[in-house]
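Reviewing the structure listed below.
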Amino acid sequence: MELSRRGMLAGVGAACAVGAVGFAGATAVTDGEGDDGSGGTGSIEDDPVGGGSAGDDESGGPAGAVDADPDAPFEARLRRDGEDDRRLFGASDLDEVEGVFDDDGEYLVYVALGDDGVDAFQERLAASGAVDEPERFVVSMTLDGTEVRRVELDEPTVRALTDDGWGGVLTLPFGEERVARSVYDSLAAT
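Here it is, written out as structure tokens:
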């Protein structure tokens with residue numbers, strides 16, 4: 140089963156013009172050591188999920204989604220003002236993963252939460268207070284205990300992530316292809 144473009148757009152319409160809701164539209168992102176200043180605001184609406192190319196200047200990635208390994212050492216934690224730290228989602232919440240796609244210097248990995256994962260994700264966002272004050276929160280993603288991405292949340296992104304029509308597909312953008320490849324390789328069940 141592919142993470143279809145139609146499935147990613149369904150009910151979202153939304154956060155900073157990204158197709159799959161999530162972290163590509165967040166206000167600031169870092170890979171590893173600090174803010175890379177990229178802002179992560181590139182649109183992926185025309186990105187050909189599932190491979191192929193939507194245009195002369197775009198390159199597609201590998202075709203098809205694969206099952207996610209529930210035991211992969213990947214986790215996203217929700218942090219508030221450096222004082223509160225709670226789990227947002229992990230590999231065990233994911234059904235599928237697809238990637239790595241080059242989007243003008245950002246390397247994208249798509250992940251799909253299962254139905255239970257979507258419910259848990261949205262409940263955790265609400266319980267943390269991120270729905271009411273998203274600007275106080277960051278999402279820290281780790282692989283094998285090492286932070287590989289940090290994303291500041293914003294109101295449009297949180298609103299899209301808590302929408303009833305959101306299908307559970309997240310875009311995880313990385314500034315370096317090797318980091319995106321490590322995340323994908325870890326999450327992809329073999």
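The sequence shown begins at 140 in this note's numbering and counts up one residue at a time.
Backbone N, C-alpha and C fix where the C-beta goes; we use that ideal spot for every residue, glycine too.
Since the structure is predicted, the reported quantities are computational estimates derived from the model, not experimental observations.
For the alpha helix (DSSP H) holding residue i, just list the boundary residues, first then last.
i	result
Ala215	Note, Ala215: premise wrong, no alpha helix (DSSP H); beta strand (DSSP E) at 213–219.
Thr310	Careful: Thr310 lies outside any alpha helix (DSSP H), inside the beta strand (DSSP E) at 308–313.
So who's on the other strand from residue i, going by DSSP bridges?
i	result
Leu326	Answer is none; Leu326 lacks a bridge partner.
Ala207	Ala327
Leu227	Partner(s): none; Leu227 has no beta bridge.
Glu245	Asp242
Would residue i be called buried (16 or more neighbouring beta carbons within 10 Å of its own) or exposed?
i	result
Glu291	buried
Thr285	exposed
Gly306	buried
Arg226	exposed
Ala266	exposed
Asp283	exposed
Pro273	buried
Val255	The sequence as given places Asp at residue 255; Val does not occur at that position. Label assigned to Asp255: exposed.
Thr296	buried
Glu235	buried
Asp258	exposed
Glu237	buried
Arg288	buried
Asp220	exposed
Leu326	buried
Asp109	Summary: the structure shown does not reach residue 109, with the chain confined to residues 140 through 329, and so no result is reported for it.
Provide the residue span of the beta strand (DSSP E) that contains residue i, from first to last.
i	result
Glu237	233–242
Gly253	Where Gly253 is concerned, there is no enclosing beta strand (DSSP E), given that its DSSP letter is neither H nor E.
*Can at least three beta-carbon pairs, one atom from the stretch 241–257 and one from the stretch 302–312, be found at a separation below 8 Å?*
yes
*List in chain order: all unbroken beta strand (DSSP E) runs of 3+ residues lying wholly within the stretch 255–321.*
276–282, 285–291, 308–313
*asked:* Counting beta carbon pairs with one atom in the stretch 273–282 and one in the stretch 206–225, are three or more of them shorter than 8 Å?
replied: yes
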